[in-house]
Each structure stands twice: as structure tokens, then as C-alpha cells.
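S.K.: For reference, the structure I am asking about is given below.
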Amino acid sequence: MLPELIAALRGPQMLPFIGISLVIYLITSYLAAWHRLRHFPGPALGSFSYLWMFRAGTSGLQSERYNLNKQYNSNLIRIGPNDLITDDPEIIRRMNGARSSYGRSSWYDAMKMDPYGHCLFDLTDTAAHDRLKARLAFGYGGKENPHLERDIDDQVLSFVDLIRRKYLSSDKTGEMQPLDFARTVSYFTLDAITKIAFGAPFGYLATDSDVYGYLHGIEVSVPILTVLAEIPMLCKIALSPWVLKLFGPRKTDEVGMGKMLAVAEQRVAERFGPDAKDGQDMLGAFVRHGVTRRQCEIEVPFQIIAGADTTATAIRATMLYLATCRRAYERLQREIDNAAAEGRISSPVTAAEGRGLEYLQAVIYEGLRMQVPFSGLLMKRVPPEGDTIDGRFVPGGTRIAHNTLGLQRNTAIFGEDVDVFRPERWLDADPAQRTVMVQTTEMVFGHGRWGCLGKPVAFVELNKIYVELLRRFDFQLINAKRPWREHNANLFFQSEMWMRVTERFPGNVQG
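Everything in the sequence shown is counted per our numbering, starting at 41 for the first residue and increasing by one.
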């Protein structure tokens with residue numbers, strides 16, 4: 041029977057047989073994919089394919105899926121064959137707790153800044169992650185990096201100096217020098233992170249330019265990585281050795297990620313070998329606590345993207361909301377002026393002094409809530425035995441994503457007006473509710489075992505930058521109808537945020 045069938049298929053029946061077999065295979069695969077998570081609602085395309093995730097990842101409007109959980113009235117929504125998304129803070133805590141049996145999923149495989157090794161952020165081996173995190177943590181603390189706050193002060197003042205040198209407009213003469221706040225605030229955060237990480241800024245503010253083409257590099261590469269992270273098969277192909285050899289970043293590149301990898305290798309080399317230099321900075325702390333040379337080379341590019349781009353997004357968005365909410369803008373400026381007049385803040389303001397300004401804290405947290413710095417899915421993997429959540433069984437190996445922006449629109453936590461920028465909500469809440477609000481908003485930095493080590497550094501920058509800008513300058517959007525251009529793919533790529541900046545006290549210019 042079998043020989044006759046094979047002989048028959050060698051004839052004109054071969055192509056129809058292959059076609060029918062392929063159709064049967066696809067239908068069977070789709071049915072199996074649908075059946076696995078059939079009890080969870082979600083977009084129809086996501087129930088059997090990655091087409092819905094592909095569309096969301098390539099649209100440039102990734103953050104718009106934040107409304108999914110509300111749309112389907114469920115804290116777990118199906119968005120792919122093996123993928124769910126949640127905006128429930130308790131589920132996120134459950135997945136990310138120090139003793140959780142959940143691990144990182146294949147989503148993290150595509151998050152490599154250096155495609156030839158694993159940094160802390162993309163490491164999926166839980167035990168190896170915990171060991172590396174314990175060593176790297178020393179670099180983010182004040183004891184090992186005693187000049188951290190002063191180093192940030194230097195870059196804040198460099199930002200102020202850049203505005204004064206090139207971008208001051210005049211009420212008296214009508215002269216206007218438009219400032220692209222989106223771009224220059226990236227220069228500030230890049231110089232801040234490179235200063236505290238390596239002991240010297242890369243010079244973005246000094247040159248008012250995209251040094252090494254870094255910003256252009258991530259604007260090109262991160263949207264691609266976003267799609268790869270969400271579609272496992274594409275990720276496996278793209279990160280295969282032959283694809284990386286042909287298309288991966290090279291240290292001989294003149295600009296972009298390849299150039300940044302080369303710069304990282306050069307900076308790290310200075311800390312190893314017979315003429316090694318110690319430093320009171322992050323990299324120095326890593327070396328002192330046994331992080332290998334190769335691991336340092338891998339961590340450096342991620343440090344830059346994690347420490348610069350996310351903080352820049354928070355600052356841009358908060359300044360946009362302040363500029364379009366004059367009541368909040370003037371109240372914050374008034375609090376800063378009063379604190380300075382009463383001697384409660386120095387110049388530059390210290391992080392501790394900033395934390396003592398009540399309305400400033402409300403503005404910082406409301407800005408983080410309104411536009412999260414990172415919109416990536418941060419998918420965790422359900423343990424092999426599966427898990428039961430709210431009475432529904434989730435099979436082992438399922439990927440569950442964070443709906444981080446949806447989490448920040450939780451009406452039970454933040455009130456019914458969650459889509460409105462209203463810092464006063466933080467002042468009106470009672471202490472217990474405010475604690476819940478703070479804990480929920482700080483989830484934009486991750487949570488528990490997988491939380492971001494750089495969160496304290498980000499808060500130091502946020503506590504300084506608004507005070508030092510608003511005590512000196514007035515900011516006005518030039519085009520309120522289109523305040524910026526934005527493309528969202530894990531990070532928020534914002535540009536053309538044109539602002540008119542004037543000196544508040546031109547006859548009394550300080551620092």
C-alpha cells in the first residue's frame with residue numbers, strides 16, 4: 041500500500057497533496073493554539089496567531105493597547121497563541137515577587153543591546169540573574185558612588201547653560217530661538233548617566249549633538265527588537281549566528297549601536313589590565329565587586345539605554361502636561377520660589393530637599409502615571425505546573441505581559457478621572473491610599489525580583505531637573521495643536537517638542 045502511495049505522489053498528485061497537507065497542518069495548529077487559552081477573552085486574531093501582536097508592535101502606537109483589559113472587562117486578556125496581558129497589580133506582584141516561581145519568558149531574548157551576550161535585563165536564568173543583580177547593585181548606591189548627586193548636578197547645570205547659550209527667547213525684543221526640548225532633554229539624561237557610570241559625560245550637552253549617533257541607532261533598532269520580542273519564531277531567526285554575522289551591529293561601525301559597543305569596550309578596558317584605573321563611579325563599583333570584564337562590556341550599553349531614554353521620556357511628558365495645565369505649572373513654580381525664598385532649597389537643589397516639596401512629588405508621580413517611561417510587555421513565564429488565577433487555569437509556559445499603562449489607569453486606585461493630569465490627587469488622598477498609589481506607580485520601574493536597579497538614580501534626576509529649570513526659565517509650547525511627534529515601540533521616541541524659553545529674572549542670572 042505504502043509503495044503504491046509513494047509512487048502515485050511522484051506524479052501530478054504531488055503538489056495537491058502537499059497543499060492539502062499544509063492546510064490540514066495549519067488548521068490543526070491554529071485549533072491547538074486556540075484551545076490552549078480558549079477560556080480567556082481577547083482580540084480574535086490573537087486567539088490563534090501573532091498577527092494582532094505584530095500589528096500592535098509595528099504601528100508605532102503600542103501604548104494604545106492599555107485599554108484592552110477594560111475593553112474586555114477582564115484582568116487577563118489573550119493577545120497571542122500563548123500570550124496573556126494583565127493590568128492587575130496583584131497578578132504583577134504575584135509574578136515578580138522574590139519567591140515567585142514565575143520566570144522571565146522568551147520575550148527577553150530579543151532585548152539584548154549587545155546581541156552576543158546577556159545583560160541583567162535580558163537574563164532569563166533566574167539564579168544567574170539574582171547573582172549578577174547582587175553584584176551590580178553596589179554601583180547604584182551612594183557608598184560606592186559618593187559623587188553621584190554632584191555628578192548629576194553638573195549635568196543639570198550644563199543643560200541650563202546650553203539653554204542660555206543657544207535657546208533663550210526674549211519678551212522684550214520678540215526674538216525667538218526655538219528649543220526642541222525632546223532632543224535636548226535626551227542629551228541631559230545621556231550625559232548624566234555616562235557621567236555617573238564612567239566618570240565623564242560623553243559630551244551631548246557640550247556639543248548639542250547626537251554623539252556616536254546613539255539616538256539614531258536606538259530609534260532604528262528598538263522598534264525591530266520590539267517585534268522580535270513578541271513573536272518567538274522571528275526572534276529565533278533574527279538572533280541566529282548567521283543573521284547576526286550579516287546584519288548585527290559591528291564594533292567597526294562609525295555610528296549607532298555598533299559604535300556604542302566599541303565605546304563600551306574601550307571604557308571598560310581602562311578598568312582592567314596592568315594600568316587599570318579605579319573609579320568612584322558605577323563601573324568602578326562593578327569591577328570592585330567581581331563583575332567580569334566581558335560582563336561589564338555587556339552591561340554598559342544597557343545602562344545607557346535604561347538610564348537615559350526612560351528618564352528622558354518621564355521628563356518630556358511631565359513638562360508637556362505642565363505646559364498644557366497652567367494651574368499645575370504655576371503652582372509648582374510658586375512652591376519652588378517660596379522654598380528658595382525661605383532657604384529650604386539650595387542651588388542646585390538636593391534630592392532630599394526636592395523630596396520635601398509636596399507639590400513637586402505630586403507632579404513627579406502624576407507624570408510617571410500619565411505616561412509610563414517604558415511600555416514593553418515584560419512577559420513572565422508561567423511555571424511548568426501551571427497556575428490558577430481567579431479560578432481560571434493558566435497552562436505552564438504561557439507568557440503573561442504587563443499592561444503597565446493600563447495599570448496606571450486603574451480607577452479603583454487613582455479615581456475616575458484617570459485620564460486627566462491632576463497632581464492634586466496625590467495631595468487629596470489619605471495616607472493609606474497614597475501609599476497604594478505610590479506603590480502602584482513605582483511599578484513603572486518593574487517590581488520585586490525584576491525591579492529596576494536604576495530607580496533611585498532616576499528619582500534623583502527627577503527631583504532636581506524640574507526645580508532647576510522652572511526656577512530659572514518659563515517654558516511655552518510653540519505648537520499646542522501638535523506638541524510633538526511620537527513613535528512608541530517599548531520606548532517612546534518623541535521629537536519636535538518645540539518650546540519657547542525665556543529667562544524669568546534676566547537681571548539676576550544665577551548658576
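We treat Cβ as the ideally placed atom computed from N, Cα and C, and that holds for glycine.
1. For Met151 versus Leu286, is the C-beta distance shorter than 9 Å?
2. Just verifying my parser: in three-state terms, what is the DSSP assignment at Asp170?
3. Give me, in chain order, the residues of the same chain whose beta-carbon lies closer than 6 Å to that of Gly157; leave out the 5 immediate sequence neighbours on both sides.
4. Can we count Glu382 as close to the ligand HEM, meaning its CB is less than 8 Å from some heavy atom?
5. Note down the Cα distance separating Ala302 from Val295, rounded to an integer number of angstroms.
6. Span of the alpha helix (DSSP H) holding Glu215?
7. Locate the alpha helix (DSSP H) running through Gln373, then write down its first and last residues.
8. Can you tell me whether Leu124 is helix, strand or coil according to DSSP?
9. Please go through the same chain and pick out, in chain order, the residues whose beta-carbon is closer than 8 Å to the beta-carbon of Val260, but skip the five residues on each side of it.
10. Can you check DSSP and say which residues form a bridge with His442?
11. Could you give the residue range of the alpha helix (DSSP H) that holds Leu274?
12. Between Ile516 and Arg525, how many whole angstroms is the CB-CB distance? I'm expecting something under 8 Å.
13. Which complete alpha helix (DSSP H) runs does the region 441–471 hold, if anything under 4 residues is left out?
14. Could you tell me the boundaries of the alpha helix (DSSP H) in which Val497 lies?
15. Using only the alpha-carbon positions, how far apart do Gly407 and Pro81 sit?
16. Is it right to say Thr247 is buried, meaning 16 or more other beta carbons lie within 10 angstroms of its own, or is it exposed?
17. Around the Cβ of Leu372, are there at least 16 other Cβ atoms within 10 angstroms (buried) or fewer (exposed)?
18. Under 9 Å, do Ile233 and Asn185 count as touching if we go by C-beta distance?
19. Report all residues from its chain with a CB closer than 7 Å to the CB of Arg333; omit the five preceding and five following residues, and keep chain order.
20. From the DSSP output, in three-state form, read off Gln516 for me.
21. Take the Cβ of Ile345 as the centre, count every other Cβ of all protein chains shown within 10 Å, and call the residue buried at 16 or more, exposed below.
M.R.: The answer reads as follows:
1. On the sequence shown, position 111 is the one that residue 151 refers to. On the sequence shown, position 246 is the one that residue 286 refers to. Using a Cβ distance threshold of 9 Å, Met151 and Leu286 do not count as a contacting pair.
2. Locating residue 170 in the sequence shown gives position 130, where the first residue counts as 1. Of the three classes helix, strand and coil, the one that applies to Asp170 here is helix, per DSSP.
3. To locate residue 157, count along the sequence shown from 1; it is residue 117. Shown here for Gly157: same chain residues with a beta carbon closer than 6 Å to its own, the five before and five after excluded, namely Ile338 in chain order.
4. Questions concerning the ligand HEM fall outside what the structure shown contains, since it holds no ligand whatsoever.
5. Taking the first residue of the sequence shown as position 1, residue 302 is located at position 262. Taking the first residue of the sequence shown as position 1, residue 295 is located at position 255. Whole-angstrom Cα-Cα distance: 10 Å.
6. Along the sequence shown, one-based indexing puts residue 215 at 175. Glu215: not part of any alpha helix (DSSP H); DSSP gives it neither H nor E.
7. As a working mapping, residue 373 is identified with position 333 in the sequence shown. Segment 366–381, the alpha helix (DSSP H) holding Gln373.
8. By one-based count along the sequence shown, residue 124 stands at place 84. Strand.
9. Counted from its first residue, the sequence shown places residue 260 at position 220. Gly296, listed in sequence order.
10. Reading the sequence shown from its first residue, position 402 is the one you call residue 442. Per DSSP, the beta bridge partners of His442 are Thr126.
11. Locating residue 274 in the sequence shown gives position 234, counting from the first residue. Run containing Leu274: 272–278, per the alpha helix (DSSP H) assignment.
12. Counting from one through the sequence shown, the residue named residue 516 turns up at place 476. Counting from one through the sequence shown, the residue named residue 525 turns up at place 485. Reading off the sequence, residue 516 comes out as Gln, not Ile. With a Cβ gap of about 19 Å, Gln516 and Arg525 do not count as contacting.
13. 444–447, 451–454, 464–468
14. Here residue 497 refers to the residue found at position 457 of the sequence shown. Start and end: 495–510.
15. Working through the sequence shown from its first residue, we reach residue 407 at position 367. Working through the sequence shown from its first residue, we reach residue 81 at position 41. Between Gly407 and Pro81, the C-alpha separation is close to 31 Å.
16. As a working mapping, residue 247 is identified with position 207 in the sequence shown. Looking at its Cβ environment, which holds fewer than 16 other Cβ atoms inside 10 Å, Thr247 is exposed.
17. Residue 372 sits at position 332 when you count from the first residue of the sequence shown. Only buried fits Leu372, as 16 or more other CB atoms lie within 10 angstroms of its CB.
18. For the purposes of this step, residue 233 is taken as the residue at position 193 of the sequence shown. For the purposes of this step, residue 185 is taken as the residue at position 145 of the sequence shown. Their beta carbons are not under 9 Å apart, which means Ile233 does not touch Asn185 by this criterion.
19. By 1-based counting over the sequence shown, the position of residue 333 is 293. Residues of the same chain with a CB within less than 7 Å of the CB of Arg333, apart from the 5 flanking positions on each side, are Val308, Phe312 in chain order.
20. Sequence index remark: in the sequence shown, residue 516 carries index 476 (1-based). Strand at Gln516.
21. For the purposes of this step, residue 345 is taken as the residue at position 305 of the sequence shown. Counting the other Cβ atoms within 10 Å of the Cβ of Ile345 gives 16 or more, which makes it buried.
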